[in-house]
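What follows is a short report on a single structure.
Residue numbers (my numbering), protein chains in the order written: chain A, 54 to 265; chain U, 794 to 919.
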């Protein structure tokens, strides 16, 4: 194999400077690829470039393998909108979560209010929300944006997030108000649904219903 | 007397305690650069920053790989060879891609392994 090129010898801090910039990559054989640099794989030094289409539309992605990169040249910087689009590009989010910067800010306020309503301590740390001192929620504040080293807390908070009501007043996943939807219990009376905590405090889906 | 059954000794599997990515494994050393790019910082603050950068970029790259699954990819390889295939999976060191329906000049391969060392670049639409 050829000797390690200058590109591959750089450190992750150097590569980080290219993220969210518009670059021209010269690959083997003088091929040129231009696009927004989404990331550089620290293992192989491969460069992921994105050509964005219309807003919220499709885009095209090209990846140049690290061993074939000869030169990377910065030609532009991303504005806040583009940077946000790039960072949320490969995350599978619900359409209502993908939004402008204002939407994301509004969602953060909604989430903070919801957590406080549920007596969960939450404070703002920069762009993130620090929940109960052990869990961090990063933009765009969806379930998959929760980070914690405590599995119990993570599961609880993610469940709480799933039950957060939208501005219209209806939770995302509850179809009807009559409570007949239950996860895996064929209860005839439908009184023990997984989404609604029962009056006697039994919140587990695994417990069979009384009449079984 | 029952016939003794011969015992087949299988090669050792991967280390169950490791995370799968082992820079000291012979396979990685043979096929990948001999050392991970690192500034070798002794300063813990700088080391933490480098780890954070490495983790952020690797996570983005892995999400990119996940989003490629079952999509049609165009591979540009050496000697001006261009092939198209449906992406299946990558191995952890990004040394091989498992693909289906590989369109080659001599026919369509139902399942194939593409060596990443042979690929210059690849592209797909989201």
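The beta carbon of each residue, even a glycine, is placed where N, CA and C say it ideally should be.
- Our two residues, residue 62(A) and residue 885(U), have alpha carbons roughly 20 Å apart in a direct line.
- Any Cβ of chain U closer than 7 Å to the Cβ of residue 208(A) would place that residue at the interface, and such an atom is absent.
- Residue 218(A) is not a Cβ neighbour of residue 847(U), given a cutoff of 7 Å.
- Along the stretch 102-117 of chain A, going in chain order, the ones with a CB nearer than 8 Å to a CB of chain U are 111, 112, 113, 114, 115, 116 and 117.
- Those residues of the stretch 84-100 of chain A placed with their C-beta closer than 8 Å to a C-beta in chain U are 84, 86, 91, 92, 93, 94, 95, 96, 97, 98 and 99, ordered along the chain.
- Scanning the stretch 864-888 of chain U for uninterrupted beta strand (DSSP E) segments of 3 residues or longer gives 865-870 and 874-883, listed from N- to C-terminal end.
- Where residue 135(A) is concerned, the enclosing alpha helix (DSSP H) starts and stops at 133-140.
- A straight line joining the alpha-carbon of residue 837(U) with that of residue 843(U) spans about 10 Å.
- Put simply, the CB of residue 916(U) is near chain A, with a gap under 7 Å to one of its CB atoms.
- Within the stretch 65-86 of chain A, those residues whose Cβ lies closer than 8 Å to any Cβ of chain U are, in chain order, 65, 66, 68, 69, 72, 80, 81, 82, 84 and 86.
- With respect to the C-alpha of residue 877(U), the residue from 897(U), 889(U) and 853(U) having the closest C-alpha is 897(U).
- Within the stretch 871-896 of chain U, those residues whose Cβ lies closer than 9 Å to any Cβ of chain A are, in chain order, 871, 873, 885, 886, 887 and 888.
- Legend: CB atoms of the stretch 114-143 of chain A lying less than 7 Å from CB atoms of chain U belong to residues 114, 115, 116, 117, 118, 120, 121 and 143.
- Rounded to the nearest angstrom, the Cβ distance from residue 894(U) to residue 901(U) is 6 Å, consistent with a contact under 8 Å.
- At a cut-off of 7 Å between beta carbons, residue 912(U) contacts chain A.
- Counting every other CB atom within 10 Å of its CB across the protein chains shown gives residue 70(A) a total below 16, marking it as exposed.
- Taking residue 179(A) as reference, the option from 172(A), 171(A) and 190(A) with the minimal CA-CA separation is 190(A).
- In this structure residue 85(A) touches residue 79(A) by the C-beta definition: roughly 6 Å separates them, less than 8 Å.
- At least one beta carbon of chain A lies nearer than 7 Å to the beta carbon of residue 857(U).
- As the crow flies, the alpha-carbon of residue 194(A) is around 7 Å from that of residue 160(A).
- DSSP places residue 81(A) within a helical segment (H, G or I) once states are collapsed to three.
- In the DSSP assignment, residue 899(U) falls outside any alpha helix (DSSP H) and carries neither an H nor an E.
- Note: residue 189(A) is bridge-paired with 183(A) and 200(A) in the DSSP secondary-structure output.
- Collapsing the DSSP output to three states places residue 62(A) in coil.
- In this structure, residue 917(U) and residue 861(U) form a Cβ contact; the two beta carbons are roughly 6 Å apart against a cut-off of 8 Å.
- Per DSSP, the continuous beta strand (DSSP E) segment holding residue 129(A) begins and ends at 122-130.
- With a 10 Å radius around the Cβ and a threshold of 16 neighbouring Cβ atoms, residue 73(A) comes out buried.
- Contact of residue 846(U) with chain A is assigned, a C-beta pair being separated by under 7 Å.
- Residue environment: residue 906(U) is assigned as exposed (fewer than 16 neighbouring CB atoms within 10 Å of its CB, all protein chains considered).
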